[in-house]
Every structure is written in structure tokens, then in C-alpha cells.
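Student:
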Amino acid sequence: MPDANELLQLVPKAEGKQSMKDFKSDQEVRWCPGCGDYAVLAAVQGFMPELGLAKENITFVSGIGCSSRFPYYMNTYGMHSIHGRAPSIATGLATSRRDLSVWVVTGDGDALSIGGNHLIHALRRNVNLKILLFNNRIYGLTKGQYSPTSEVGKITKSTPMGSLDAPFNPVSLALGAEASFVARTVDSDRKHLTSVLRAAADHPGTALVEIYQNCNIFNDGAFEVLKDKERAEEAVIRLEHGRPILFGADNSKGVVRDAITGDLSVVAVTEENQSQVLVHDAHNPSPTTAFALSRLADADTLHHTPIGVLRSVERPVYDALMSDQLDAAIEQHGKGDLSTLLAGSDTWTVVG
Amino acid sequence: MTSQVSSPAGKSDEASEAVVGEQRAPHIDRTGATEKEIRRLDRVIIRFAGDSGDGMQLTGDRFTSETASFGNDLSTLPNFPAEIRAPAGTLPGVSSFQLHFADHDILTPGDAPNVLVAMNPAALKANIADVPRGADIIVNTDEFTKRPMAKVGYAESPLEDGSLDAYNVHPVPLTTLTIEALKEFGLSRKEAERSKNMFALGLLSWMYNRPTEGTETFLRSKFARKPEIAEANVAAFRAGWNFGETTEDFAVSYEVAPASQAFPTGTYRNISGNLALSYGLIAAGRLADLPVYLGSYPITPASDILHELSKHKNFGVRTFQAEDEIAGIGAALGAAFGGSLGVTTTSGPGVALKSETIGLAVSLELPLLIIDIQRGGPSTGLPTKTEQADLLQAMYGRNGEAPVPIVAPRTPADCFDAALDAARIALTYRTPVFLLSDGYLANGSEPWRIPEIDSLPDLRTQFATGPNHELADGTEVFWPYKRDPETLARPWAVPGTPGLEHRIGGIEKQDGTGNISYDPANHDFMVRTRQAKVDGIQVPDVEVDDPAGATTLVLGWGSTYGPITAAVRRLRAAGETIAQAHLRHLNPFPRNLGEVLRRYDKVVVPEMNLGQLALLLRAEYLVDARSYNQVNGMPFKAEQLATALKEAIDA
Chain A
246 MPDANELLQL VPKAEGKQSM KDFKSDQEVR WCPGCGDYAV LAAVQGFMPE
296 LGLAKENITF VSGIGCSSRF PYYMNTYGMH SIHGRAPSIA TGLATSRRDL
346 SVWVVTGDGD ALSIGGNHLI HALRRNVNLK ILLFNNRIYG LTKGQYSPTS
396 EVGKITKSTP MGSLDAPFNP VSLALGAEAS FVARTVDSDR KHLTSVLRAA
446 ADHPGTALVE IYQNCNIFND GAFEVLKDKE RAEEAVIRLE HGRPILFGAD
496 NSKGVVRDAI TGDLSVVAVT EENQSQVLVH DAHNPSPTTA FALSRLADAD
546 TLHHTPIGVL RSVERPVYDA LMSDQLDAAI EQHGKGDLST LLAGSDTWTV
596 VG
Chain B
2 MTSQVSSPAG KSDEASEAVV GEQRAPHIDR TGATEKEIRR LDRVIIRFAG
52 DSGDGMQLTG DRFTSETASF GNDLSTLPNF PAEIRAPAGT LPGVSSFQLH
102 FADHDILTPG DAPNVLVAMN PAALKANIAD VPRGADIIVN TDEFTKRPMA
152 KVGYAESPLE DGSLDAYNVH PVPLTTLTIE ALKEFGLSRK EAERSKNMFA
202 LGLLSWMYNR PTEGTETFLR SKFARKPEIA EANVAAFRAG WNFGETTEDF
252 AVSYEVAPAS QAFPTGTYRN ISGNLALSYG LIAAGRLADL PVYLGSYPIT
302 PASDILHELS KHKNFGVRTF QAEDEIAGIG AALGAAFGGS LGVTTTSGPG
352 VALKSETIGL AVSLELPLLI IDIQRGGPST GLPTKTEQAD LLQAMYGRNG
402 EAPVPIVAPR TPADCFDAAL DAARIALTYR TPVFLLSDGY LANGSEPWRI
452 PEIDSLPDLR TQFATGPNHE LADGTEVFWP YKRDPETLAR PWAVPGTPGL
502 EHRIGGIEKQ DGTGNISYDP ANHDFMVRTR QAKVDGIQVP DVEVDDPAGA
552 TTLVLGWGST YGPITAAVRR LRAAGETIAQ AHLRHLNPFP RNLGEVLRRY
602 DKVVVPEMNL GQLALLLRAE YLVDARSYNQ VNGMPFKAEQ LATALKEAID
652 A
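Those protein sequences? They're chains A and B, same order as listed. Going by the working numbering, the letters in the first sequence line up with residues 246 to 597, in that order. Going by the working numbering, the letters in the second sequence line up with residues 2 to 652, in that order.
(1) Are the C-beta of B:D422 and some C-beta of chain D separated by less than 8 Å?
(2) Within the same chain, show all residues whose beta-carbon is closer than 8 Å to that of B:G317, passing over the 5 residues directly before and after it, in chain order.
(3) Compare the C-beta of A:L374 against all C-beta atoms of chain B and say whether one is closer than 8 Å.
(4) Write down the C-beta distance between A:L453 and A:L586 rounded to the nearest angstrom, noting that I regard them as a contact closer than 8 Å.
(5) Go ahead and pull the three-state DSSP assignment for B:M635.
(6) Under 9 Å Cβ-Cβ, which residues of chain B neighbour A:K300?
(7) Under 7 Å Cβ-Cβ, which residues of chain A neighbour B:K314?
(8) Using only the alpha-carbon positions, how far apart do B:L442 and A:H448 sit?
(9) Inspect the CB distances between the segment 124-137 of chain B and the segment 100-110 of chain B and report whether three or more fall short of 8 Å.
(10) Report back the beta-carbon spacing between B:F727 and B:L160 to the nearest angstrom; my notes put them in contact at under 8 Å.
(11) Looking only at C-alpha atoms, which of B:H105, B:G54, B:N80 and B:I407 sits nearest to B:R86?
(12) Strictly below 8 Å CB to CB, what residues from chain A border B:N271?
(13) Can you tell me whether B:S518 is helix, strand or coil according to DSSP?
(14) Quick one: list the residues of chain A neighbouring B:R425, beta-carbon separation under 7 Å, in chain order.
(15) Can you pull the DSSP bridge partners for B:W558?
(16) Give me whichever residues DSSP pairs with B:D439 in a beta bridge.
(17) Starting from B:R599, trace the beta strand (DSSP E) in both directions and tell me its first and last residue.
(18) Would you decide whether B:L393 is buried or exposed? Buried here means 16 or more other CB atoms lie within 10 Å of its CB.
(19) How about B:T432 and B:P406: do their beta carbons lie closer than 8 Å?
(20) Who are the neighbours of B:R287 on chain A, taking C-beta pairs under 7 Å?
(21) Per the contact definition of three or more C-beta pairs closer than 8 Å, is the segment 386-394 of chain A in contact with the segment 520-531 of chain A?
(22) Return the chain-ordered list of same chain residues with a C-beta closer than 8 Å to the C-beta of A:L438, the five sequence neighbours on each side being excluded.
(23) Just to confirm the assignment: which complete alpha helix (DSSP H) runs, minimum length 4, are found wholly within the segment 265-326 of chain B?
(24) Quick one: give me the first and last residue of the beta strand (DSSP E) that A:R502 is part of.
(25) Using the Cα positions of A:H548 and A:A480, report the straight-line distance between them to the nearest angstrom.
(26) Ends of the alpha helix (DSSP H) at B:T218?
(27) Do you know whose CA, among B:F49, B:V624, B:A362 and B:H586, lies nearest B:A420's CA?
(28) Residues in the segment 263-289 of chain A with C-beta within 8 Å of chain B's C-beta atoms, listed in sequence order?
(29) Between the alpha carbons of B:L117 and B:V555, how many angstroms are there, rounded?
(30) Counting pairs of beta carbons, one from the segment 509-516 of chain B and one from the segment 540-551 of chain B, are three or more of them closer than 8 Å?
(31) Going by C-alpha distance, which of B:A473, B:R63, B:D485 and B:A626 is nearest B:F219?
(32) Which partner residues does A:K258 have in the DSSP bridge list?
(33) Given this structure, state the Cα-to-Cα distance separating B:S17 from B:A639, to the nearest angstrom.
(34) For A:K436, count neighbouring C-beta atoms within 10 Å of its own C-beta (all shown protein chains included) and say buried if the count is 16 or more, exposed if not.
(35) Output, in sequence order along the chain, the residues in the segment 321-332 of chain B whose CB is closer than 9 Å to any CB in chain A.
(36) To which residues of the same chain is A:S497 closer than 7 Å at the C-beta, ignoring the five residues directly before and after it?
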């Protein structure tokens with residue numbers, strides 16, 4: 246099993262120094278003015294030079310939706326595919342071309358509704374893909390229907406009396422689907438967004454990054470509670486590996502484990518309970534605590550929303566395993582010989 | 002099934018059902034008092050029938066291998082239920098394998114068996130209607146007891162009530178004899194009983210003087226980890242042979258000489274359609290110098306191609322069993338974007354799920370092979386039976402104007418060449434291509450002349466390596482949709498190529514640049530250009546076999562080639578004149594097809610659907626193509642087709 250660095254080194258490095266400009270395509274960006282997608286695009290374009298990868302070896306694959314226009318704006322290889330199917334197309338590309346850095350750009354409808362099956366199977370297989378899931382909790386491109394992450398009771402054009410179905414928590418879903426890397430970040434926090442992207446890029450295997458992204462036309466302010474400086478203090482739990490999980494004004498709140506139920510809860514930190522505050526371990530082989538952390542957030546109010554890398558563990562990468570099998574087959578049987586194959590073992594000869 | 006359409010005069014083959022199995026040159030061997038009579042036959046049709054758990058497919062496969070290695074021409078028809086194990090002893094649980102072999106070239110698995118091996122009452126009941134009077138029936142009498150007979154509605158034993166008087170019945174207690182033969186192996190009764198199919202195979206192998214080494218080697222390798230089971234099966238096989246040789250019930254054995262005259266010189270093997278297709282895909286990868294990437298989801302009757310390709314990773318073949326049909330083709334298309342020969346294999350229901358991605362491939366103009374092993378439909382339909390009813394789905398089953406070339410093999414072995422041809426079109430024209438095989442071709446088998454590698458076509462293609470366009474200001478740029486003026490193919494620029502970074506997608510593209518374009522005139526132009534590209538694909542003219550200047554033409558496509566050709570031979574042997582042509586390319590049609598159709602007063606189109614090719618011909622050429630259709634899950638019978646064609650000639 247090759248280690249992480251070996252895997253990432255399969256992608257050739259850029260020859261010269263790159264700048265953000267190198268990653269901007271000549272196409273005019275056509276998202277609505279004020280859309281959160283602009284911030285994510287800028288962050289990605291700004292962060293790409295850091296990776297130092299040959300840009301011809303970077304490919305962005307997307308599905309359908311507002312965010313899925315993303316590849317058109319990147320001066321790399323790209324494919325804008327069909328609704329929900331980007332993970333499957335990217336799987337074929339990544340498993341056949343290990344010298345590529347393959348990124349998937351998708352949205353909450355694309356990844357969790359029509360393409361839910363492909364997402365969970367990509368995560369389970371641990372294909373070397375970086376999946377950026379833009380979650381705006383609404384359908385934007387089709388003009389404002391509720392999405393699989395919309396809160397219950399959402400009033401939209403298709404749900405005038407309120408939506409009935411319980412939303413997915415994408416982080417919980419990914420953890421349940423055996424994801425080896427799961428993170429969450431927010432469009433407006435460039436620094437945090439970039440740090441999470443960096444961690445995702447460094448991860449061998451599938452990395453899922455949920456990006457809370459504002460749709461200022463159909464669901465404006467959906468994440469305001471996480472952005473507004475005052476309220477964010479209470480709402481956002483910033484996770485950092487190896488650090489105690491503290492938040493709130495002056496880190497006055499913390500996350501502790503209930504000794505009886507094993508579940509997590511938020512407490513006011515006191516001198517007595519200070520030692521019980523959970524220390525975040527993103528590399529814990531068990532996803533149990535990461536899952537419990539993902540459940541702290543209130544789906545309606547978004548209070549106690551953890552952001553950062555919830556889980557980052559190493560496990561065998563599908564494309565490497567697939568490649569290993571090809572090598573093993575050659576080792577065992579020699580490189581395939583076509584005439585031997587076609588002849589088989591049971592032949593007869595007709596002479597004229 | 003190796004012959005040309007025309008049959009040399011005087012060749013009897015399938016010209017008349019009446020001569021089937023009749024002795025051609027009686028040869029009575031009386032060299033020794035204990036020797037039995039050996040009669041020489043020109044051809045024989047055997048059907049093995051039993052319960053799904055009786056191993057009839059394996060028995061048929063082994064008899065086929067013995068027959069192939071002996072050098073007969075042959076054609077097979079496996080026929081089994083979709084249920085893995087339907088309730089034992091019931092009519093739905095009957096599985097059968099029909100094999101036609103001859104000393105000359107033949108075209109079909111045969112209409113009616115000369116010999117039926119019935120392992121139980123259900124097998125007898127399910128198959129007796131197909132057996133002509135006078136044929137041999139070998140029955141396992143051990144199973145003709147009260148309960149198994151009652152299960153299929155026999156109140157009285159058909160072996161005793163006189164209902165089989167018109168047949169030559171050989172009652173053999175197969176189970177008892179097998180158990181008796183294996184008593185020294187210390188197996189349980191149940192274990193020993195399982196070898197009864199090998200006993201039956203041994204008996205038939207004696208009857209038709211088949212070579213036996215192959216089967217013994219096969220059994221020892223199949224049960225290599227259980228040597229006692231291997232030896233028990235070998236012993237049962239030999240006991241069956243010896244039973245035939247010693248018992249008086251079988252007074253005569255038969256010889257069918259090798260079909261040495263029917264075959265061009267060369268080295269041959271037996272091959273099924275799905276195996277030939279798998280080898281064709283591997284060969285296409287080699288000839289194109291591209292890695293093969295198969296994205297697939299298991300579905301009957303296509304799964305064997307996934308299984309086969311998975312065995313050949315040492316050819317650099319990647320096989321990906323996806324989470325569903327959509328992901329299967331998605332991965333294949335993703336790999337094609339990256340420079341692989343992308344392939345997806347499926348059957349009709351899978352094609353329905355893949356439609357949107359096929360449309361994307363049309364729009365992206367990337368090479369992609371879509372292999373549809375057609376089965377009975379609609380919906381789940383008849384998964385293990387054959388049909389040709391996906392033609393219009395392949396032709397039109399997508400949103401928008403989304404033309405896809407279609408290639409159809411005509412015999413099991415032809416699946417190899419059809420795969421190469423489909424790859425040629427996909428790679429040359431940068432387009433998805435449909436290959437329409439079917440259940441009959443997939444599971445049927447025939448001798449195949451193993452090709453010399455040097456004789457196979459060169460499928461190599463060029464990736465784009467640099468700019469292909471100069472802007473007005475002199476800047477050199479890469480335009481992903483700037484076409485080759487001859488083929489209208491666009492450049493294939495794979496990720497990893499510096500300077501050619503570009504974006505493609507399902508949204509309409511501007512001609513040349515490939516940038517998103519909603520311009521009405523551009524869309525009109527692009528739709529017409531994609532159509533023109535497919536219309537312009539080079540395919541050979543359709544050849545017409547018309548030795549006597551007929552006025553009626555029979556035109557088929559795909560797997561009906563065997564039965565149609567056999568029917569045509571019968572008619573010609575009976576003094577009729579009829580012309581025959583067969584289509585490999587359904588989209589685009591051969592350039593000369595319209596002219597060919599107009600040459601004849603009558604055009605008859607037999608299809609295993611309700612007239613899909615006929616509809617296309619009528620629409621395209623305004624000719625009065627007449628359909629002859631069958632959708633019962635089985636291939637046409639030559640006799641039935643001959644009758645229908647005769648009616649058309651006389652009409």
C-alpha cells in the first residue's frame with residue numbers, strides 16, 4: 246500500500262511558479278451578483294498555485310446546478326457533465342489516470358438528491374477525488390425549490406405549505422458512507438476555506454468538503470448565523486486536530502462526552518469540567534465521535550455547527566488498489582499476449 | 002456457421018428437414034462379432050433437458066467442446082430459466098441445451114432435435130412438442146415416479162401409456178446406474194447422484210463417437226481441489242460410455258465426420274458470442290494502443306463480458322463494477338475523456354438508464370462503446386431469452402437530436418469482428434457507438450477461425466498535441482471543436498497535455514471554440530454537423546446474394562443471419578429464387594442500400610421484434626418493406642422462415 250505522499254507525487258509538478266491568474270479561464274463568470282460561488286472560485290483559484298501541480302494535470306468535473314458551472318472558469322481541464330453523475334465520471338477518470346488531480350464540484354441537489362447514490366459509493370470506495378459540495382440549502386438553477394438539505398417546513402415554489410421531508414446532514418451522511426476525509430467550511434471565510442482545501446488536497450483518497458454557500462437570490466442569509474460576527478461566536482464550533490473543542494465568547498463553552506450515554510453535549514466550561522472537554526482527534530480510526538460532532542448542530546438554527554476537518558484517516562485508495570491488481574496480474578501471468586489469448590487451449594487445425 | 006450465403010449446389014445441409022439425421026452412406030461395421038453397428042450421419046441435433054440443478058448447461062458445453070475438437074461444424078442454443086433454482090421438477094425449472102453438429106457447414110442450432118435426453122418428467126413434458134416422430138428419446142426412468150410425474154400433470158407414466166409409441170424411447174435408470182457406478186467412492190447418495198449428467202454425457206459421447214480426453218481433463222481441472230469428486234465424475238462419465246457399448250438397448254452408434262471441406266484452412270476453436278465480444282474488446286485496445294476501461298453493472302445476458310474482461314488485467318484492462326448502470330457508463334466516459342478506450346456493457350433495461358450519458362457522449366464527441374446484449378422486453382421482460390427489440394431504442398432513445406452509429410454482429414464468432422468495427426468507428430469519428438448483440442448470439446457458440454494478429458486492422462488514433470487554430474492576431478490556440486474536414490471528428494485532447502487545457506460539457510458549444518453558446522444559428526449548425534458526422538461514417542456496401550436474379554429480397558440484421566440463410570438454402574434447394582442481404586450497419590445504413598431495395602419487387606424483413614428495421618427502411622427509402630416477426634424469446638426456425646418466405650414469393 247503506497248503512502249499518501251507517494252500517491253500525490255504521481256501528479257507532475259508545475260515547472261515554473263504559478264499565480265492565481267494562471268488558473269482563471271477566459272470565460273466570463275456568470276453567477277448572480279453577490280453569489281457565494283464567487284468567493285469559493287476565488288479561494289480555489291488563489292490556492293491552486295500553492296499545490297504547485299502542473300495545471301494540465303488538474304481536472305475539474307461537475308454535474309448540473311449553479312455551482313457546476315465552476316469548471317468553465319478554471320483554466321485547467323474540465324467537464325461539465327450531467328445532473329448528479331460527476332462522481333461516477335470522475336471515478337472513471339481518476340482510476341484510469343493516476344497522474345491527474347481530479348476535483349468534483351457539486352451542489353446539495355446534485356450530490357445529495359439526484360446523484361446521492363454516486364456520492365456514497367465514491368466515498369465508500371475511497372477513489373482519489375476531492376469533492377467540493379456547495380451547500381446552499383436550495384435549488385438555485387431551477388429557481389427556488391427546496392433541496393434535500395432544506396430545513397423542514399421550508400416555504401418554496403414547490404412547497405407553498407412548507408416542505409415535509411427531513412433534511413440530510415451531509416457530514417453525517419458522508420461519515421456513514423465510510424468517507425476517509427470529511428470537512429465543512431463556509432464560503433465567506435477565505436482563510437478557513439483555504440485551510441480546509443489544503444487539507445483535502447493533501448488527503449489520499451476521497452475528500453468531501455461541504456461548503457456552506459449563500460444563495461442571495463433564493464435563500465439569502467441561510468448561513469448568516471455562522472457569519473455574523475456576534476452570533477457566530479455562539480453558533481460555530483471550530484475544530485482543530487489535537488485542540489480542545491471550545492467555542493463561544495472567551496472559549497466559555499466546550500464539548501464534553503456524557504459518561505452514561507456516550508453522546509456529546511455542549512456545556513459551559515468550568516474549572517471542574519475543563520479537563521473533560523473533548524480534544525478533537527480527526528485521525529481517530531473510529532468515525533463515532535466525528536459523527537457525534539456532526540450531530541451537535543441544530544438543523545433549523547444551525548447552532549453549534551462544527552466546521553473544519555471532522556475526519557481524516559488513511560485507508561486503501563481504490564485507484565491504487567486497482568492499479569496494484571493490474572501489476573499483480575502481469576507479475577503472475579506475464580504481459581498479456583493477444584495471439585495466445587485468442588487461441589485458447591482447445592483448438593483444431595484444418596489443412597487444405 | 003462459417004459459410005458464405007450461397008450454398009454450393011448439391012449440398013444438402015439444412016435444405017430439407019426430411020433428410021435430417023438420415024444416414025448418408027450407411028456403413029455397417031461387422032469386423033467383429035461383439036462390435037456394434039456404426040452408422041454414418043451428415044448431421045445431428047441433440048437436446049439435453051433437465052432440471053435447473055441437473056447441470057444441463059455444463060453437459061451441453063462439454064459435448065460441444067468434444068464436438069468442436071473433433072472438427073464438426075456446430076451451432077448451439079442454450080435455453081434456461083431466469084430463476085437460478087426454480088422449484089425442482091417443475092416445468093418452469095427446466096433448462097435445456099441444444100446442439101447441432103455436422104460434417105458440413107451449418108447455420109443454426111437446428112429446428113427439431115433428433116435426440117432428446119430428458120432427465121425428468123418435467124424435461125420430457127416441456128420439450129416433447131419440439132421432437133419429431135421417430136426421434137430418439139433417452140429418459141431417466143428413476144425420476145418417473147408418482148410425485149415427479151404428478152408435479153407436471155402426468156396422471157399415468159408417459160413411458161407406459163403408449164403416448165411415446167411414435168418415438169424411439171430408451172428408458173435408462175440414469176440415477177441408479179450412476180450411484181451403482183460410484184459405490185466405491187464413499188460418497189453420499191446425494192453426492193453420487195449429482196454425477197448423473199456425466200453418465201448421460203458418457204452415453205451420448207459413445208453414441209456419437211466423441212473424443213473423451215477433453216472432458217476428463219476438464220473434470221480433473223474443474224474439481225482440482227476435490228480430487229475425489231473429480232474422479233467420481235470421470236467414473237460416471239466412463240460408466241455412461243461403457244453402458245452404451247454393452248447394453249443391448251443401444252444397438253447402433255453414429256459417426257458424424259469432421260467438416261473438413263466446410264472450413265477454410267486455419268486453426269479453429271469453439272467460441273460463444275460473449276467470449277468473442279470480450280476478445281474483440283481486448284484486441285481493439287491492443288490494436289488502438291489504448292488501455293481498455295470497462296464500466297459495467299451486472300445484467301443478464303451481458304455479465305459474462307464483465308467476468309471475462311476482469312480475468313485479463315494483464316492486458317492493462319481495467320474493469321469497474323459500478324453502483325448502477327448510470328455510473329457504469331459514467332466511469333467509461335470519464336476514462337474516455339482521459340484517453341482510454343471506454344466501454345460499457347449492458348442489456349436493454351440498462352441502456353434505458355444510460356440514455357442521458359449516451360447523449361452527453363454525443364455532445365462531448367468522445368469515443369465510447371455501448372454494448373447492448375438484447376433480451377426480451379419491455380421492462381424486465383425475459384432476461385434469459387433473446388430478442389432484437391432495442392434497435393429503435395439504440396437509434397432514437399435519447400433527448401434531442403442525438404445520432405449514434407449502430408453495429409450488429411450476425412453470428413457468435415462475428416461478435417469479435419463487430420467489436421473491432423465498433424471501435425474503429427468510435428475512435429475515427431470520436432463518437433459513442435452501439436453494438437447490438439443478443440442473448441442468442443451471446444450464449445450460442447460455433448467454430449471460429451482464429452485470426453492472425455497481423456491480419457487485424459490498425460486502430461491507432463492520434464491525441465491532439467498542440468494548437469490547431471490561429472486567431473486573427475496570429476495567436477496559436479487550441480480549439481476543442483475544430484473538426485477534421487474529412488471525418489468531422491473533433492480533436493481528442495487528453496488531460497495531461499500542456500497548453501490544451503479546455504472545458505467541455507453537455508451545454509451546446511460554439512462551433513470551433515467549444516465555449517458555451519446559446520446562439521440559435523450555432524445550435525442549428527451544431528445539430529446538423531453532429532448528424533452529418535454520423536451520416537458520413539464509412540461503412541462497406543451491403544452485399545446481395547442473388548445467384549438467379551430473384552424478384553424477392555429477404556433482408557435481415559444481427560442474429561437472424563443463421564436462420565434466414567438456412568431458410569434461403571431450403572428454398573433454393575426446392576427450386577425457388579430468392580435474394581438475400583444482411584445488414585451489419587444500422588446507422589448509418591450502407592450507401593447502396595436504397596438502390597438495392599429498389600431493385601426488388603418485394604422486400605421481406607424478418608425480425609425478432611414487431612418490425613423495427615422495416616419501419617426505418619420504410620421511413621428512409623419509401624419502400625414497401627414487409628415484416629415477418631417473432632417475439633417469443635427464441636430464434637427463428639429455418640423451416641418456419643422458409644414457409645413465410647415462400648408465401649411472400651408466391652404472393
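Even for Gly, the Cβ is constructed at its ideal location relative to N, Cα and C. Since the structure is predicted, the reported quantities are computational estimates derived from the model, not experimental observations.
Tutor: Checking against the coordinates, here is how it stands:
(1) In summary, chain D is missing from the structure at hand, where the protein chains are A and B.
(2) Correct list, in chain order: G286, P292 and V293.
(3) No - not a single Cβ of chain B is within 8 Å of the one on A:L374.
(4) Contact between A:L453 and A:L586 is absent: CB atoms are separated by about 41 Å, not below the 8 Å threshold.
(5) Assignment of B:M635 by DSSP, reduced to helix, strand and coil, places it in the coil class.
(6) Result: P499 and E502.
(7) Q570, L571 and A574, listed in chain order.
(8) Using only the alpha carbons, I get a separation of about 47 Å.
(9) The segment 124-137 of chain B is not in contact with the segment 100-110 of chain B.
(10) Nothing about residue 727 of chain B can be reported from this structure: the residues present for chain B run from 2 to 652 only.
(11) Distances from the CA of B:R86 to each of B:H105, B:G54, B:N80 and B:I407 were compared; the closest alpha carbon is that of B:G54.
(12) Per Cβ cutoff of 8 Å: D591.
(13) The answer is coil: DSSP assigns B:S518 none of H, G, I, E or B.
(14) One finds nothing in chain A with a Cβ atom closer than 7 Å to the Cβ of B:R425; even the nearest lies about 17 Å away.
(15) Answer by DSSP bridge pairing, in chain order: B:L584.
(16) In the DSSP assignment, the residues bridged to B:D439 are B:Q375.
(17) First-last for B:R599: L594 to R599, but that is the alpha helix (DSSP H), not the beta strand (DSSP E).
(18) Taking every protein chain shown into account, the CB of B:L393 has fewer than 16 other CB atoms within 10 angstroms, so this residue is exposed.
(19) Contact: yes.
(20) Within chain A, the residues near B:R287 are L583.
(21) With a cut-off of 8 Å on Cβ pairs, the segment 520-531 of chain A is not in contact with the segment 386-394 of chain A, counting fewer than three such pairs.
(22) Contacts found: A284, V285, A288, T430, V431, D432 and I456.
(23) For the alpha helix (DSSP H) assignment, the uninterrupted runs of no fewer than 4 residues enclosed by the segment 265-326 of chain B are, from N- to C-terminal side, 274-289 and 304-311.
(24) Counting along the chain, the beta strand (DSSP E) containing A:R502 begins and ends at K498 to R502.
(25) So the alpha carbons of these two residues sit roughly 4 Å apart.
(26) Element bounds for B:T218: E214 to K223.
(27) Comparing Cα-Cα distances from B:A420 to each of B:F49, B:V624, B:A362 and B:H586, the minimum goes to B:H586.
(28) Of all residues in the segment 263-289 of chain A, those with a C-beta nearer than 8 Å to a C-beta of chain B are S270 and Q272, reading in chain order.
(29) It is roughly 32 Å from the alpha-carbon of B:L117 to the alpha-carbon of B:V555.
(30) No: fewer than three Cβ pairs fall under 8 Å.
(31) Residue B:R63 is the option with its Cα nearest to B:F219.
(32) A:L298.
(33) Confidence is the limiting factor: at B:S17 the pLDDT is only 44, short of 50, which leaves the residue's position unreliable and the question unanswerable from this model.
(34) Its Cβ having fewer than 16 others within 10 Å, A:K436 is exposed.
(35) Closer than 9 Å at the C-beta level to chain A, one finds these residues of the segment 321-332 of chain B: F321, A323, E324, D325, I327, A328, G329, I330, G331 and A332.
(36) Non-local C-beta neighbours of A:S497 in its own chain, meaning closer than 7 Å and more than five positions away in sequence, comprise A513 and V514, ordered along the chain.
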